[in-house]
Amino acid sequence: MGMNYLVAAYMLIWAVLCVFLVQIFRRQGKLLGELKRLRDEMKRAGSESSTDS
Amino acid sequence: MSGESRSLSSKLLLLLVMGSMPVALYMAFIYAPEEASMGPVQRIFYFHVSSAWIAFLAYFVIFVGSLGYLIKRSPKMDSLAHGAGEVGFMFCSLVLITGPLWAKPVWGLWWPWDARITSTFALWLLYASYLSVRHFFEESGRSATLGAVVGIIGFIDVPIVYFSIRWWRTHHPAPVILGGEGSGLDPQMYTALWVTLGAFLALFSFLLWQVFTLRSVEREIFSIRRRMVILASK
């Protein structure tokens with residue numbers, strides 16, 4: 027088994043790394059979106075309660 | 002640390018990873034000399050050994066973070082331990098993937114149950130247990146405390162994995178670094194190994210930083226939700 031086997035092995039390593047990276051960035055994107063939505067909701071709730079009073 | 006400096010550190014770490022990884026590949030594939038008996042397949046060594054050392058380091062970070070959490074009840078220490086758990090699990094998986102890829106052409110076996118391989122598999126199971134405890138007890142609020150207990154007890158396996166090839170002579174090769182008389186590597190192989198390890202260390206720091214930030218955002222979301230529940234109940 028020579029260089030081709032080695033290259034295939036390294037590609038497998040990089041595939042694992044890439045899947046992990048993509049998974050982290052997707053989770054980050056989702057959470058940041060959720061955080062923005064919640065902050066907006068909090069702001070709205072705050073302004074509505076001040077209007078009510 | 003402010004959001005801007007956090008983002009700058011993340012970008013600097015990413016640059017370090019992007020700069021060091023091609024150098025590590027060059028060192029492993031071109032710079033390092035070919036091993037006489039194993040041929041090109043021995044070059045897996047550089048990534049296999051680096052992944053293993055980073056997996057040890059990650060478990061050490063879990064251990065320190067868990068102790069810190071139990072002593073100080075600091076959520077940051079808990080996030081550090083949890084982040085190291087996720088990243089370390091990935092590196093430990095890489096060790097278990099690259100090991101058999103190297104073993105098959107050299108020993109003719111994918112997976113002999115020798116001392117080093119079995120103890121490394123136990124470490125991988127400990128990582129999986131740590132992450133499972135974190136996941137399944139998240140709702141009950143006991144995830145951090147129970148995770149810290151698993152993180153501290155599980156650390157016992159790290160020295161067992163490290164010393165396994167010194168204590169029991171089975172399939173796995175004898176240590177080439179700090180292995181005593183008769184051990185050692187070609188100086189160029191040493192250089193290639195240290196460069197690859199440096200690149201992996203940069204990658205570990207970058208990934209840990211990302212997951213740590215992710216946990217901070219999760220904590221913030223949790224606290225906003227709690228405030229919203231309080232506001233709604235008033």
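Read top to bottom, the protein sequences are chains A and B. So for the first sequence, the working numbering puts the first residue at 27; every next one is plus one. So for the second sequence, the working numbering puts the first residue at 2; every next one is plus one. Heads up, the beta-carbon is just placed ideally off N, CA and C, and yes, glycines get one too.
Checklist entry - How is A/Glu60 classed by DSSP in three states: helix, strand or coil? => result The DSSP-derived three-state label of A/Glu60 is helix.
Checklist entry - So, are the CB atoms of B/Gly210 and B/Ser10 less than 8 angstroms apart? => result Per the sequence presented here, residue 210 of chain B reads as Trp, with Gly not at that position. Less than 8 angstroms divides the Cβ of B/Trp210 from the Cβ of B/Ser10.
Checklist entry - Closest to B/Gly86 by CA distance: which of B/Leu208, B/Leu110 and B/Val218 is it? => result Considering only alpha carbons, the answer is B/Leu208.
Item to check | Against chain A: residues of the stretch 125-146 of chain B by CB proximity under 8 angstroms | outcome: Listed by position, the residues of the stretch 125-146 of chain B near chain A (Cβ gap below 8 angstroms) amount to none.
Checklist entry - Could one say the Cβ of A/Val48 lies closer than 8 angstroms to chain B's Cβ atoms, at least one of them? => result No, A/Val48 lies away from the interface with chain B (no Cβ there is under 8 angstroms from its Cβ).
Next on the checklist: Could you compute how far the alpha carbon of B/Phe92 sits from the alpha carbon of B/Ser52?
Outcome noted: In a straight line, the C-alpha of B/Phe92 is about 5 angstroms away from that of B/Ser52.
Item to check | Interface partners of B/Thr99 on chain A, CB under 8 angstroms | outcome: Within chain A, the residues near B/Thr99 are Ala35 and Ile39.
Checklist entry - Can you tell which of B/Ala145, B/Phe164, B/Gly148 and B/Phe137 has its C-alpha closest to the C-alpha of B/Thr119? => result Minimum Cα distance to B/Thr119 is reached at B/Phe164.
Next on the checklist: Counting C-beta neighbours from all protein chains within 10 Å, is the total for B/Asp158 16 or more, i.e. buried, or is it exposed?
Outcome noted: With a threshold of 16 other beta carbon atoms within 10 Å, B/Asp158 meets it and is buried.
Next on the checklist: Suppose the cutoff is 6 angstroms on Cβ atoms and the five residues either side in sequence are ignored; what does the same chain contact list for B/Trp112 look like?
Outcome noted: Within the same chain, and ignoring the five residues on either side of B/Trp112 in sequence, the residues whose Cβ sits closer than 6 angstroms to its Cβ are Pro101.
Item to check | Cross-chain neighbours of B/Met28 in chain A, by beta carbon under 9 angstroms | outcome: The contacting residues do not exist; B/Met28 stays about 13 angstroms from chain A at best.
Checklist entry - Of the residues that make up the stretch 39-68 of chain B, which ones have a beta carbon closer than 7 angstroms to any beta carbon in chain A? => result Along the stretch 39-68 of chain B, going in chain order, the ones with a CB nearer than 7 angstroms to a CB of chain A are Gly40, Pro41, Val42, Arg44, Ile45 and Phe48.
Next on the checklist: Bridge partners for B/Gly40 per DSSP, in chain order?
Outcome noted: Per DSSP, B/Glu36.
Item to check | Whole-angstrom distance between B/Tyr32 and A/Val33, CA atom to CA atom | outcome: Cα to Cα, A/Val33 sits roughly 16 angstroms from B/Tyr32.
Next on the checklist: Considering Cα atoms alone, identify which of B/Ser8, B/Arg220 and B/Ala29 is closest to B/Thr197.
Outcome noted: Per the Cα distances, B/Ala29.
Item to check | Segment contact, 8 angstroms Cβ cut-off, at least three pairs: the stretch 59-71 of chain B with the stretch 143-153 of chain B | outcome: Yes, they touch.
Checklist entry - For B/Leu81 versus B/Phe213, is the C-beta distance shorter than 8 angstroms? => result Yes, the Cβ-Cβ distance between B/Leu81 and B/Phe213 is below 8 angstroms.
Checklist entry - Should B/Ser21 and B/Ala203 be called a contact, given that it needs their Cβ atoms to be closer than 8 angstroms? => result In this structure, B/Ala203 lies closer than 8 angstroms to B/Ser21 by Cβ.
Item to check | B/Arg227 classed as buried or exposed, judged by whether at least 16 other C-beta atoms fall within 10 angstroms | outcome: Its Cβ having fewer than 16 others within 10 Å, B/Arg227 is exposed.
Item to check | Presumed contact (8 angstroms Cβ cut-off) between A/Leu57 and B/Leu215, rounded CB distance | outcome: A Cβ-Cβ distance of about 6 angstroms is found for the pair A/Leu57 and B/Leu215, placing them in contact under the 8 angstroms criterion.
Item to check | Beta-carbon proximity list for B/Arg7, same chain, < 7 angstroms, skipping 5 on both sides | outcome: Counting only Cβ-Cβ distances below 7 angstroms, and skipping sequence neighbours, we find Thr214.
Checklist entry - Quick one, which of B/Val24, B/Ser67 and B/Ser38 has its alpha-carbon nearest B/Val107's? => result Nearest C-alpha to B/Val107: B/Ser38.
Checklist entry - Exposed or buried, which one is B/Met103 when buried takes at least 16 other CB atoms within 10 Å? => result Sequence check: residue 103 of chain B is Trp here, not Met. With 16 or more Cβ atoms within 10 Å of its Cβ, B/Trp103 is classed as buried.
Next on the checklist: Using 8 angstroms as the threshold, is the C-beta distance between B/Phe90 and B/Ala129 below it?
Outcome noted: Using a Cβ distance threshold of 8 angstroms, B/Phe90 and B/Ala129 count as a contacting pair.
Next on the checklist: Considering Cα atoms alone, identify which of B/Arg170, B/Gly199, B/Ile153 and B/Trp168 is closest to B/His83.
Outcome noted: The shortest C-alpha separation from B/His83 is found at B/Ile153.
Item to check | Cβ-based contacts, 8 angstroms cut-off: residues of the stretch 53-65 of chain A near chain B | outcome: Residues Arg53, Gln54, Leu57, Leu58, Glu60, Leu61, Leu64 and Arg65.
Checklist entry - Between B/Ser94 and A/Val42, is the Cβ-Cβ spacing less than 8 angstroms? => result Going by C-beta atoms, B/Ser94 is nearer than 8 angstroms to A/Val42.
Checklist entry - Can you list the alpha helix (DSSP H) stretches of 4 or more residues lying completely in the stretch 124-155 of chain B, in chain order? => result You should have 144-155.
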